[in-house]
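Chemist: Starting off with a structure, shown below.
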Amino acid sequence: MGIQLDRVGHCLIKVRDVERSSKFYLDVLGFQLMEKDQDHGG
Numbered sequence: 003m004g005i006q007l008d009r010v011g012h013c014l015i016k017v018r019d020v021e022r023s024s025k026f027y028l029d030v031l032g033f034q035l036m037e038k039d040q041d042h043g044g
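Heads up, the sequence shown is in our numbering, so the first residue is 3 and it goes up one at a time.
In structure tokens, the structure reads:
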């Protein structure tokens with residue numbers, strides 16, 4: 003029996019290309035964008 007996740011509360015992933023990475027996480031992996039932090043590059 004493994005761990006079953008319901009949701010991830012907070013995650014920081016450092017990337018070079020924010021737009022390209024956003025498309026991957028949203029469109030391919032099905033993540034949901036909850037907020038953008040313009041003060042820290044996101």
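Ideal placement from N, C-alpha and C gives every residue a C-beta, glycine not left out.
For R22, name the three-state secondary structure that DSSP assigns.
Modeler: R22 falls in the helix class under three-state DSSP.
Chemist: Tell me the rounded alpha-carbon separation between M36 and S23.
Modeler: Cα to Cα, M36 sits roughly 15 Å from S23.
Chemist: With a CB to CB cut of under 8 Å and the five nearest residues on each side skipped, what residues in its chain are close to L28?
Modeler: The answer, listed in chain order, is Q34 and L35.
Chemist: Tell me which residues share the same chain as V17 and place their Cβ nearer than 7 Å to its Cβ, disregarding the 5 neighbours each side in the sequence.
Modeler: Around V17: S23.
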